[in-house]
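Peer 1:
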Amino acid sequence: MYEAAVKAYEDAGLDPRRDVESFVCSSEDFLEGTSIFDEYVPDQLGAAQKPVCTISADGTYSLATAYMQILTGAFDVVAVEAHSKASDIVDLGPVLDLALDPIYVRPLGVSAHFVAGLEMNAYLTSRGADASHCQRVVVKNRNNAVANDLAFKRERASDDTSVVSDPLTKGDIAPLADGAAVVVLASEGIARELGNNPVWIRGTGWCSDSPSLETRDWNDAIYAQIAAKQAYKQAKIEDPTRDIELAEVDDTYSYKELQHVEALGIAGDRKAHELLEQGVFDLEGNLPVNPSGGSLGMGHTLEMSGLLRVVEIVRQLRGQAGEHQVQGAQTGLAQAWRGVPTASGAVVVLSNE
Amino acid sequence: MFVKKRVAVVGAGMTKFMRRAQETGKELCYEAVHHALDSSGLRIDDIESVALGTAPDAFDGLHMKGEYLLDGAGAWRKPYSRNFVGGGTGVFSPIHGWWHVASGLFDTCLVVAEEKMSTCLPHPQAAFLTIFDNLIERPLGPNLIWIFALEMQRYMQTHKIPKEQIAQVAVKNKRNALDHPSAQIAQATTLQDILDSEVLAWPVQRLDISPVSDGAAAVILASEDVARKITDSPVWIDGVGWNLDTTYWTNRDLYFPRYVANAARMAYSMAGITNPRKQIDFAEPYDPFDYKELHHMEGLLLCRKGEAPKLTAEGVTERDGKLPICPSGGLLGVGNPIAAAGMMKVCELFWQLRGEAGKRQVAGDPRTAVAQAWGDLMQIGTVVVMRG
């Protein structure tokens with residue numbers, strides 16, 4: 000956290016003790032092995048004796064929180080933090096089991112990957128797609144990550160087709176990674192004063208579908224549809240297929256990228272797997288999706304995953320993405336999903352104009 | 000301090016607080032939300048966003064507790080998020096809701112706070128072992144009562160406060176709670192009862208402490224335009240403040256909660272309050288322990304440092320006194336389902352400022368009041384100033 004915070008403050012040209020008025024952090028206790036993780040955040044962010052709070056969600060929710068705080072007019076500069084120390088978790092599976100309904104579902108002994116396998120099957124069947132499309136997502140994202148200096152494993156995809164929960168294979172699952180991200184938001188006045196190549200938040204949305212596995216939609220990511228609608232409304236975007244030029248979306252599992260792209264409305268009425276086959280989502284395609292490599296390429300960073308997607312869009316829109324730079328994009332979208340067993344997620348629309 | 004949109008509370012509701020609820024956490028949320036909606040005249044479809052507060056997942060053994068509670072809290076297919084700042088969560092939750100509306104993004108926000116501690120067996124105190132630093136402190140096996148005994152001792156020693164003056168707070172709050180229909184341990188006790196109760200970690204005795212509880216509470220926030228349409232008596236959230244001190248609680252002087260004072264100054268500045276001792280008509284400071292009410296009165300700048308025990312002894316803080324403190328009965332009397340307990344205080348401000356507190360109503364047509372909670376490692380203060 001300290002390392003990411005120092006980099007962010009230096010990039011913004013701000014002193015946290017003097018200039019940052021509020022701090023929003025992201026964590027879930029069971030991922031930390033510590034209850035009330037909020038206790039352990041202020042010092043390394045330069046935030047002691049300042050307004051600090053924790054939002055128990057992905058970092059994109061914290062970003063939306065900071066955005067609202069600035070819109071109230073009471074704050075000019077707010078910092079957002081999210082991190083993953085996945086390597087401290089001996090086995091994530093039993094932790095995720097504790098997120099299942101303790102009365103109805105947990106006794107059935109279903110695991111997170113099992114639920115994902117069921118959903119993958121439902122989704123692919125409903126679209127007439129198959130596992131080869133998911134494999135193509137994996138290859139695209141892993142290859143994109145080779146060019147990304149922030150990715151921890153910069154190697155090309157190999158075929159790991161050992162089945163975890165049919166049709167889900169090991170290669171379809173993003174491997175866990177450690178990391179931290181800090182993003183500094185400022186009101187328009189301060190941002191223009193700093194004059195440091197700002198990227199603007201044009202809209203945010205977040206939404207939860209039913210928490211119970213039994214009563215939700217398994218084919219479509221309704222949470223992403225509604226969150227995107229909210230974000231587009233704020234951003235005054237009527238046609239996302241026209242206005243969104245690149246996207247960083249959740250790909251914790253390969254099929255989720257396709258499902259999310261459709262839910263976000265950036266593929267129009269087209270089926271995502273068909274556009275994928277045509278190369279539309281490639282780095283050089285018309286709508287690059289996860290040019291950073293996504294979670295499949297960069298690693299699954301728990302509650303930081305979505306904020307990392309935001310960081311990647313910011314790097315792209317500032318022309319700082321290096322070897323995986325998408326040329327000429329002005330508006331991009333970052334999206335997060337909170338993972339099994341949730342049907343919750345957030346969307347952020349960003350623009351450099 | 001400029002704020003884009005003025006935010007009103009237009010409804011409040013809560014469950015009974017109890018040692019062991021039969022209801023699940025979801026069901027407790029549902030009941031509180033139902034009461035709050037009824038009191039506002041709104042329906043769940045009128046609610047544009049939902050903010051939830053709940054404290055450690057370790058009580059329930061539920062990972063991502065906020066996700067689990069969301070349908071009970073009325074958040075299905077709505078913008079929904081959970082805040083979590085330890086014991087400060089209850090009063091932080093309406094602040095979390097406040098920026099939804101004050102930002103202009105939403106016209107209504109349902110704010111829910113829930114806690115079900117009884118699921119943790121044999122006693123929820125065990126869950127608190129996991130809040131300590133896992134390298135430096137956890138091997139020592141500390142618990143909350145020990146560290147609060149340290150703080151209480153430091154406070155008493157600094158100001159030379161006799162234990163009798165502190166125990167008086169427990170007598171007052173348990174008696175005030177006799178008039179609260181949701182109260183868990185309302186009692187007519189005597190000073191001697193408190194002083195004779197079992198010593199847990201000196202100077203903390205059993206009746207100095209609030210109980211373990213289950214419960215939920217909810218309020219409904221609305222923008223000024225919407226509030227004026229649906230009620231003649233909105234209550235305004237005119238100031239909010241929160242402040243987190245360093246993790247290293249062993250490195251600061253525990254006699255005064257400077258982080259509460261920082262949070263209070265922020266909230267007062269937003270509400271245009273320059274002299275809280277004169278401008279605050281009554282207060283609901285956080286009272287999980289009897290000394291904490293006094294500590295927090297001082298942190299809220301409602302009196303000088305070390306003066307709160309004296310005011311209590313003089314009866315100033317009684318419900319019919321000049322500065323009523325915890326007229327609800329507080330955590331010591333109504334109960335302490337952590338996040339819901341803080342929210343209960345915000346509900347009390349709402350009912351008192353509308354003149355709807357019944358037998359608990361403080362005299363003199365109160366116009367301005369403050370609620371506060373405290374948490375993490377004796378580290379965070381959360382403050383809300385409300386006006387009728």
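Protein sequences, first through last, are from chains A and B.
The first sequence begins at 0 in numbering that gives the first Met the number 0 and counts up by one.
The second sequence begins at 0 in numbering that gives the first Met the number 0 and counts up by one.
Every residue, glycine too, gets a C-beta built ideally from N, C-alpha and C.
Treat the numbers as computed from the prediction; the structure is a model and nothing was measured.
Taking Arg337 of chain A as the query, report the chain B residues whose CB atoms sit under 9 Å from its CB, ordered along the chain.
Peer 2: Met63 and Glu66
Peer 1: What number of angstroms, rounded off, separates the C-alpha of Val79 of chain A from the C-alpha of Thr59 of chain A?
Peer 2: 9 Å
Peer 1: Please compile the residues from chain A whose C-beta is within a distance smaller than 8 Å of the C-beta of Gly60 of chain B.
Peer 2: Within 8 Å Cβ-Cβ: Leu97 and Pro101.
Peer 1: Taking CB distances under 8 Å as the criterion, tell me whether Phe255 of chain B reaches chain A.
Peer 2: no
Peer 1: Check Trp248 of chain B in the structure and name its three-state DSSP category.
Peer 2: helix
Peer 1: Tell me whether Pro138 of chain B is buried or exposed, calling it buried when 16 or more other Cβ atoms sit within 10 Å of its Cβ.
Peer 2: Around the C-beta of Pro138 of chain B, fewer than 16 other C-beta atoms lie within 10 Å, and the residue is accordingly described as exposed.
Peer 1: For a quick check, are the C-beta atoms of Met342 of chain B and Asp237 of chain B less than 8 Å apart?
Peer 2: no
Peer 1: Pairs of beta-carbons, one from the stretch 36 to 46 of chain A and one from the stretch 80 to 88 of chain B, closer than 8 Å: are there three or more?
Peer 2: yes
Peer 1: Taking beta-carbon pairs under 7 Å, can you tell me which members of the stretch 118 to 131 of chain A lie near chain B?
Peer 2: none
Peer 1: Consult DSSP for Leu51 of chain B and reduce its assignment to one of helix, strand or coil.
Peer 2: strand
Peer 1: Going by beta carbon distance, what residues of the same chain come within less than 6 Å of Glu244 of chain A, once the five residues before and after it are set aside?
Peer 2: Closer than 6 Å at Cβ, skipping near neighbours: Ala328 and Thr330.
Peer 1: So, is the C-beta of His179 of chain B closer than 8 Å to a C-beta in chain A?
Peer 2: Put simply, the CB of His179 of chain B is far from chain A, with every gap to its CB atoms at 8 Å or more.
Peer 1: Please classify Lys169 of chain A as buried or exposed, where buried requires at least 16 other C-beta atoms within 10 Å of its C-beta.
Peer 2: Lys169 of chain A counts as exposed, since fewer than 16 other C-beta atoms from the protein chains shown sit within 10 angstroms of its C-beta.
Peer 1: Can you find the residues in the same chain that come closer than 7 Å, C-beta to C-beta, to Phe29 of chain A, ignoring five residues on each side of it along the sequence?
Peer 2: Val94 and Leu97
Peer 1: Would you mind giving the Cβ-Cβ distance between Asn261 of chain B and Gly380 of chain B, rounded to the nearest angstrom? I have them listed as a contact below 8 Å.
Peer 2: Contact between Asn261 of chain B and Gly380 of chain B holds: CB atoms are separated by about 7 Å, below the 8 Å threshold.
Peer 1: Taking C-beta pairs closer than 7 Å, name the residues in chain A that Thr245 of chain B reaches, listed in chain order.
Peer 2: Pro41, Asp42 and Ala47
Peer 1: Does Arg318 of chain B come out as helix, strand or coil in the three-state DSSP assignment?
Peer 2: In this structure, DSSP gives Arg318 of chain B a state outside helix and strand, which the three-state scheme calls coil.
Peer 1: Chain B beta carbons: is any one of them nearer than 8 Å to that of Gly188 of chain A?
Peer 2: no
Peer 1: What does Leu120 of chain B touch in chain A if you count any residue whose Cβ is under 9 Å from its own?
Peer 2: Chain A residues near Leu120 of chain B: none, gap ~14 Å exceeds 9 Å.
Peer 1: Are three or more beta carbon pairs between the stretch 296 to 305 of chain A and the stretch 79 to 88 of chain A nearer than 8 Å?
Peer 2: A contact exists between the stretch 296 to 305 of chain A and the stretch 79 to 88 of chain A.
Peer 1: Tell me where the beta strand (DSSP E) around Glu80 of chain A begins and ends.
Peer 2: Val76 to Lys84
Peer 1: Any beta carbon from chain B within less than 8 Å of Phe29 of chain A's own beta carbon?
Peer 2: Yes, its Cβ sits closer than 8 Å to a Cβ of chain B.
Peer 1: Going by DSSP, name the residue or residues bridged to Val94 of chain A.
Peer 2: BP columns for Val94 of chain A are empty, so no partner.
Peer 1: Taking all protein chains shown into account, do 16 or more other C-beta atoms lie within 10 angstroms of the C-beta of Glu66 of chain B, making it buried, or fewer, making it exposed?
Peer 2: buried
Peer 1: Tell me, please, whether the CB atom of Tyr231 of chain A is closer than 8 Å to any CB atom in chain B?
Peer 2: no
Peer 1: Would you say Leu167 of chain A reaches chain B, if we count a Cβ-Cβ gap shorter than 8 Å as a contact?
Peer 2: no
Peer 1: Between which two residues does the alpha helix (DSSP H) carrying Cys346 of chain B extend?
Peer 2: That run of the alpha helix (DSSP H) goes Ile337 to Leu352.
Peer 1: For Tyr258 of chain B, which residues in chain A fall below 7 Å Cβ to Cβ?
Peer 2: Gln48
Peer 1: Quick check: Leu27 of chain B and Ala215 of chain B, are their CB atoms within less than 8 Å of each other?
Peer 2: yes
Peer 1: Could you please give me the residues that DSSP links to Cys24 of chain A through a beta bridge?
Peer 2: DSSP lists A:Thr53 and A:Glu80 as the bridge partner or partners of Cys24 of chain A.
Peer 1: Can you tell me the Cβ-Cβ gap for Gly328 of chain B and His179 of chain B, rounded? I've got them flagged as a contact below 8 Å.
Peer 2: Indeed, because the Cβ distance is near 5 Å, the residues count as touching under 8 Å.
Peer 1: Using the beta-carbon count (16 or more within 10 Å), is Lys228 of chain B buried or exposed?
Peer 2: exposed
Peer 1: Does the separation of the CB atoms of Val100 of chain B and Ala221 of chain B fall below 8 Å?
Peer 2: yes
Peer 1: Out of A:Leu99, A:Ala63 and A:Ala262, state which residue places its alpha-carbon closest to the alpha-carbon of His62 of chain B.
Peer 2: A:Leu99
Peer 1: Please list the partners that Trp75 of chain B has in chain A, where partner means a Cβ-to-Cβ separation under 8 Å.
Peer 2: Ser207, Asp208 and Ser209
Peer 1: Quick one: is Thr188 of chain B near chain A, going by C-beta distance under 8 Å?
Peer 2: no
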